[in-house]
Amino acid sequence: MRDPECVELLRWALPRLGLRWEGFRRVRRRVCRRIGQRMIEAGAGTAAAYRALLASDPGEWRALDGLCRVTISRFFRDRTVWSRLRDEVLPDAARLAVRRGERALRCWSAGCASGEEPYGLVIVYHLAVAPRFPGLGLGVVATDADEVVLERARRACYHPGTVREVPPEWRELAFERRGPELSLRAAFREGVELRREDLREVMPDGPFHLVLCRNVAFTYFDLDRQRAVLAGVAARLVPGGFLLVGAHESLPEPAADLERLTGTLPVFRRAP
1072 MRDPECVELL RWALPRLGLR WEGFRRVRRR VCRRIGQRMI EAGAGTAAAY RALLASDPGE
1132 WRALDGLCRV TISRFFRDRT VWSRLRDEVL PDAARLAVRR GERALRCWSA GCASGEEPYG
1192 LVIVYHLAVA PRFPGLGLGV VATDADEVVL ERARRACYHP GTVREVPPEW RELAFERRGP
1252 ELSLRAAFRE GVELRREDLR EVMPDGPFHL VLCRNVAFTY FDLDRQRAVL AGVAARLVPG
1312 GFLLVGAHES LPEPAADLER LTGTLPVFRR AP
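Under this note's numbering, the first residue of the sequence shown carries the number 1072, and numbering increases by one thereafter.
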């Protein structure tokens, strides 16, 4: 299928999935390759034939929805984000938990993919933040709609290129060689709960001191679903809790009880 045909198909199909074309511009070739392979498997030789298949088989919409899930993930992707998490956001969230008399810092990684983000949080917390907060544990709920990437997260074994941005001394502490891969040590898997959940349909109960919702809802979802996600996330933050979205994302509208912190990164805090 030629690129213009695929773009036309995506412009037609994405709104029916609660997604928006603007978020797929840069990744459309990857998605189009998947759709092209799916069309071959389904015996739909043209875009029109595939539309007809979608019209006749509701289950094909679920298949198409899965093809539109884009995973681009590695440990400590966007270094400036992780530097701010290490130096400011995680310590401030830990102080908040201590002031509230709680025994654990509770975080939610929404759209966790293969686990690089939630496990990265554990690495940063234990190696850079926890020594300042003795007795304060860490619990991370990590959700994704794709069972395939969640299974990779459960294995917690990664290609060396995926961990290239982890500082060498941390890499030695957190990973061990297992054949051609690097396996995350058991101590850095503790406290991470992996769940299959579609952010458009369900969210963990919370409450959380910190939510990371990066490069998922506010890139790919349509405006109505962005607003619903924002309202759900804000309601699950403790007063004073933090929301971090993607470095190039913005919220669909100002949230009454969320204030953007100073700096270039989109970090928000719920009113105390």
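No residue lacks a Cβ here, since even glycine has one placed at the ideal position from N, Cα and C.
Quick caveat, the model's predicted, so the values are computed rather than measured.
Residues near residue i in its chain [Cβ-Cβ closer than 8 Å; skip 5 each side]
| i | result |
| --- | --- |
| V1200 | R1157, L1161, P1162 and A1165 |
| G1206 | R1174 |
| W1083 | R1122 |
| L1167 | H1280, V1309, G1311 and G1312 |
| E1079 | A1118 |
Distance, residue j Cα to residue i Cα
| i | j | result |
| --- | --- | --- |
| Q1108 | Y1121 | 12 Å |
| G1172 | E1247 | 36 Å |
| G1114 | A1126 | 15 Å |
| F1313 | L1209 | 15 Å |
| S1180 | D1217 | 14 Å |
| P1231 | T1151 | 21 Å |
| E1261 | F1292 | 31 Å |
| W1153 | A1224 | 20 Å |
| R1235 | E1112 | 36 Å |
Top-ranked residue by Cα proximity to residue i, from the options
| i | options | result |
| --- | --- | --- |
| P1278 | D1136, H1230, M1072 and R1307 | R1307 |
| C1183 | V1211, V1169, I1194 and L1198 | V1211 |
| P1075 | A1118, E1324 and R1340 | A1118 |
| P1311 | L1329, V1300 and P1323 | For the record, residue 1311 in the displayed sequence is Gly; it is not Pro. Checked all of L1329, V1300 and P1323; the closest Cα to G1311 is L1329. |
| E1264 | A1326, Y1291, L1192 and G1303 | L1192 |
| L1315 | F1339, F1204, F1292 and E1324 | F1339 |
| R1285 | P1129, D1215 and D1136 | D1215 |
| S1185 | R1155, R1203 and F1146 | F1146 |
| R1226 | R1249, P1238 and E1236 | R1249 |
| H1319 | A1326, P1325, E1079 and P1337 | P1337 |
Per-residue burial, residue i [other beta carbons within 10 Å of its own, 16 or more giving buried]
| i | result |
| --- | --- |
| L1294 | exposed |
| R1296 | buried |
| A1305 | buried |
| P1189 | buried |
| A1258 | exposed |
| V1141 | buried |
| I1143 | exposed |
| A1302 | exposed |
| R1133 | exposed |
| V1273 | exposed |
Boundaries of the beta strand (DSSP E) in which residue i is found, first to last residue
| i | result |
| --- | --- |
| E1247 | F1246 to R1249 |
| T1214 | G1208 to D1215 |
| W1179 | A1175 to A1181 |
| P1310 | L1308 to V1316 |
Other residues of its chain near residue i: CB distance less than 6 Å, five sequence neighbours each side excluded
| i | result |
| --- | --- |
| L1281 | A1164, C1178 and F1313 |
| I1106 | L1138 |
| R1271 | G1089 and R1296 |
Residue span of the alpha helix (DSSP H) that contains residue i, given as start and end
| i | result |
| --- | --- |
| A1120 | A1118 to S1127 |
| R1101 | R1099 to A1113 |
| R1150 | R1150 to R1155 |
| F1289 | A1288 to Y1291 |
Cβ-heavy atom distance, residue i to the ligand NAP, below 8 Å
| i | result |
| --- | --- |
| A1119 | Inclusion of the ligand NAP in the displayed structure is not the case, the ligand content being empty and no account of it being possible. |
Own chain residues within Cβ distance below 7 Å of residue i, not counting five before or after
| i | result |
| --- | --- |
| A1342 | P1310, D1328 and E1330 |
| L1198 | W1241 and L1244 |
| Y1229 | E1252 and L1253 |
| L1220 | Correcting the residue identity first, residue 1220 is Val in this sequence and not Leu. Cβ neighbours of V1220 beyond the five flanking positions: T1142, A1184 and S1185. |
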